[in-house]
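See structure below.
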Amino acid sequence: MANGSGTAETRRQRELASLYATVKSLTALGGLDEVLQSIVHHAHDLIGTDFTYLSLVGADGRLSARAAEGTVSPTFLAAAIPTRVGLGGKVLASRSPHWVRDYAASTLIEHDPDFDRLVTTEELVALLGVPLVIRGEAVGALFAADRSERSFQADEIALLNAFADHAAVALDNARLYEESRTALQELQVAYRKSERAQAIHEALTGAVLGGGTPGDVAQLLADQLGGSVTLLDHTGAAVARRDSASNPCPGPSEAALSGAVEDARRSGRCTFAAGADGAALSVAAIQAGDSYLGALAWNRKPADGQDVPDAMDLRTVERATHILGLLILKERAVADAGERLSGELLTELMVGGPGISTAQRARARARNIDVDGLDLVLVADSPTVAATDLARHLHDIARNRGGLAGEHLGRATLVLPGGDDERTAEEVHSGLRRTLGGPLVVIGERAVDHDWSRAFSLAGRCGAVVRALGHTDLGTTTRRYALYAMVFDPERAGELDGFLAGSIGALLDYDRRRGTGLVDTLSAYYVHHANVAATARALHLHVNTLLKRLDRAGTVLGLDWRRENDLELRLGLRLHQLRASTRS
1 MANGSGTAET RRQRELASLY ATVKSLTALG GLDEVLQSIV HHAHDLIGTD FTYLSLVGAD
61 GRLSARAAEG TVSPTFLAAA IPTRVGLGGK VLASRSPHWV RDYAASTLIE HDPDFDRLVT
121 TEELVALLGV PLVIRGEAVG ALFAADRSER SFQADEIALL NAFADHAAVA LDNARLYEES
181 RTALQELQVA YRKSERAQAI HEALTGAVLG GGTPGDVAQL LADQLGGSVT LLDHTGAAVA
241 RRDSASNPCP GPSEAALSGA VEDARRSGRC TFAAGADGAA LSVAAIQAGD SYLGALAWNR
301 KPADGQDVPD AMDLRTVERA THILGLLILK ERAVADAGER LSGELLTELM VGGPGISTAQ
361 RARARARNID VDGLDLVLVA DSPTVAATDL ARHLHDIARN RGGLAGEHLG RATLVLPGGD
421 DERTAEEVHS GLRRTLGGPL VVIGERAVDH DWSRAFSLAG RCGAVVRALG HTDLGTTTRR
481 YALYAMVFDP ERAGELDGFL AGSIGALLDY DRRRGTGLVD TLSAYYVHHA NVAATARALH
541 LHVNTLLKRL DRAGTVLGLD WRRENDLELR LGLRLHQLRA STRS
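Right, dumping it as structure tokens:
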């Protein structure tokens, strides 16, 4: 599993490196065909389909190929089809990705007879298309094709989308240059702007390739564009805010920022709004395919005589969101890989212990974890949060405390270095409580001689007993519930069996042989504080029927339990109920 994780991480790094290489080619301001061919080449190399091609909508309103990679005939590349038909038509109309397992057999697209003949000749079967969008207009599409049936995965679609975004940037740049040639003055202005944008783009790309963080990107933008730059995550929370040293500007109000972010998400473009004290606010959403990752807000005081921001600066902000999107995806991939490796090592220790293998010790050491010191196992359970999601929060705690976290046997599990076990359990509970905003139970048990599996079993079973006792929000260790150890400790099952046999064994045997419910009847009777009427209502029985059952229980037990000391009977009934809770 570790090798598989490493391979996935290597592939992700390779994908990101190729994307960065494509971004770098855009900043070189080379010829359009050269840039488009580079994008298609990189996309083909990473997606791994039989051939990849990029098509644009021409002046005649038809879609034709401009760049291709892989074995494809000249006749196919020379073809032009109407923009309303085929998979390309769906992509252009919806401005979103679409794919088919078998193009010729698909009933979800409007077929063009001429193109269908080319499909047959080319043996094209599976096809994925993503749109090239410039300022809200679909101007073409990037396709990946296979000559056999297949499904396209979400990461492949997101990756091809990223290349399409950069292709759209290249097309946008080309249009700007063509327009700038209409006049010498416009050319000079556009050149200076593009030089500045190129320098910023190269600096942003260099910062990321040099291991920079999203905060570093925000600082670079603030220094280059002036004002303040705020980075928000997908929940709307500000994760970084950076100010220009030479031209600072107060950050936007929360209300103005919230509205601008919503406008940017809805439009898919960098928005502009006038802020307080003459400031101007621009916001661009950070997207990766259909996934919303956050937003980038730029707040600044406009230059003299300039009420609205320069269009090139707005596009610079938009391009920065593309880089931030890749950086966030990279950080997520690294975090996911780390969490996966942590969960795998935790499971191996649980299953393989007691004892630590040389390989396990080396893997733990590589993560700066002293596996010999991991002797406190905590199991967390929430009534509102799934174990998988709860385990993700435990990973944050594990990283900060030098431990391991993951989901083991369907339970969110954390293994930490020991110390003050009770205090640690309380701290883990309070931290999760603040994050989740709801009740949860965290139970800890010390692992003796690296027997993490036994500690996990005791903590999990004790948690079930705790919930059965009506406690729904606490962090503690099994020591606090030592009175009930016979219930949650499998090694003491014999003691529990003996106590139950002596206290309620006759009732259990009678119920098994006769199919009656005397044990449940007495349990309900004590739950309702010996109130006959309340017990009868709870069991949906007539009072006389209930009294007969209580009398029969006395006959079976051979004592007048309602008049004699019934403490042992009460304990037996309660322990019997709690044992059932640990088996559910």
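The opening residue of the sequence shown carries number 1 in UniProt numbering; numbering runs sequentially from there. Ideal placement from N, C-alpha and C gives every residue a C-beta, glycine not left out. Here the structure is a predicted model, which is why all the values come from computation and not from measurement.
Item	Value
How would you label residue 304, buried or exposed, when you count the other beta carbons within 10 angstroms and need 16 or more for buried?	For residue 304, the predicted model reports a pLDDT of 49, less than 50, meaning its position is unreliable; a value from the coordinates is still stated below. It is exposed - the Cβ of residue 304 has fewer than 16 other Cβ atoms within 10 Å.
Give the straight-line distance between the Cα atoms of residue 217 and residue 362, rounded to the nearest whole angstrom.	35 Å
On the DSSP bridge list, what partners appear for residue 142?	54 and 130
Flag this pair as yes or no: are the beta carbons of residue 232 and residue 297 separated by less than 8 Å?	yes
Under three-state DSSP, which class holds residue 571?	helix
Examine the Cβ distances between the region 130-137 and the region 59-72 and report whether three or more of them are shorter than 8 Å.	no
Give the straight-line distance between the Cα atoms of residue 578 and residue 96, rounded to the nearest whole angstrom.	55 Å
When DSSP labels each residue in this structure, what does residue 183 get in the three-state scheme?	Unreliable positioning characterises residue 183 in this predicted model, as indicated by a pLDDT of 44, which lies under 50. A coordinate reading is not provided.
In the DSSP assignment, find the alpha helix (DSSP H) that holds residue 452 and state where it starts and stops.	452-468
Do residue 478 and residue 408 come within 8 Å of each other at the CB atom, strictly closer than that value?	no
In chain order, what residues of the same chain have a beta carbon less than 6 Å from the beta carbon of residue 445, not counting five sequence neighbours either side?	377, 455, 458, 459 and 478
For the candidate residues 449, 269 and 576, whose alpha-carbon lies nearest to that of residue 508?	576
For residue 148, count neighbouring Cβ atoms within 10 angstroms of its own Cβ and tell me buried if that reaches 16, exposed if not.	exposed
List the DSSP bridge partners of residue 286.	294
In or out: residue 553 buried (at least 16 other Cβ within 10 Å) or exposed?	buried
Pull up the DSSP beta-bridge partners for residue 299, would you.	228 and 281
Between residue 300 and chain C, is the shortest Cβ-Cβ distance under 8 Å, so that the two count as touching?	Structure shown: chain C not included; a single protein chain is present.
Following the continuous alpha helix (DSSP H) through residue 560, name the residue where it begins and the one where it ends.	Counting along the chain, residue 560 falls outside any alpha helix (DSSP H), and DSSP gives it neither H nor E.
Where does residue 527 fall in DSSP's three states?	helix
Please state whether the Cβ-Cβ distance between residue 428 and residue 397 is less than 8 Å.	yes
For residue 560, which residues from the same chain have a beta carbon less than 8 Å from its beta carbon, with the 5 sequence-adjacent residues on both sides left out?	554
So is residue 490 buried or exposed if we call it buried at 16+ other beta carbons inside 10 Å?	exposed
Comparing C-alpha positions only, which one of 501, 291, 419 and 543 sits nearest to residue 159?	291
Taking three-plus beta-carbon pairs below 8 Å as touching, is the region 40-48 in contact with the region 65-73?	yes
Distance check for residue 156 and residue 128, CA to CA, integer angstroms please.	9 Å
Can you tell me where the alpha helix (DSSP H) holding residue 42 begins and where it ends?	32-47
Report yes if the CB atom of residue 403 is closer than 8 Å to the CB atom of residue 390, and no otherwise.	no
Among the residues of its own chain, which have a CB less than 6 Å from the CB of residue 372, if the five just before and after it don't count?	none
Taking the C-alpha atoms as reference points, what is the distance between residue 381 and residue 169?	48 Å
Determine whether the beta carbon atoms of residue 345 and residue 366 lie at a separation below 8 Å.	no
Let me know the beta strand (DSSP E) ranges lying completely inside the region 376-456, each 3 residues or longer, listed in chain order.	404-408, 411-417 and 441-446
Can you give me the C-alpha to C-alpha distance between residue 535 and residue 430, rounded to a whole angstrom?	38 Å
What does the Cβ neighbour count give for residue 590, buried or exposed, with the cut at 16 atoms within 10 Å?	Because the chain is modelled from 1 through 584, residue 590 falls outside the range shown and cannot be assessed.
Quick one: is residue 287 buried, meaning 16 or more other Cβ sit within 10 Å of its Cβ, or exposed?	buried
From 384, 94, 121 and 122, pick the residue whose C-alpha is nearest to that of residue 109; which is it?	94
Could you tell me the alpha carbon to alpha carbon distance between residue 453 and residue 145, rounded to whole angstroms?	49 Å
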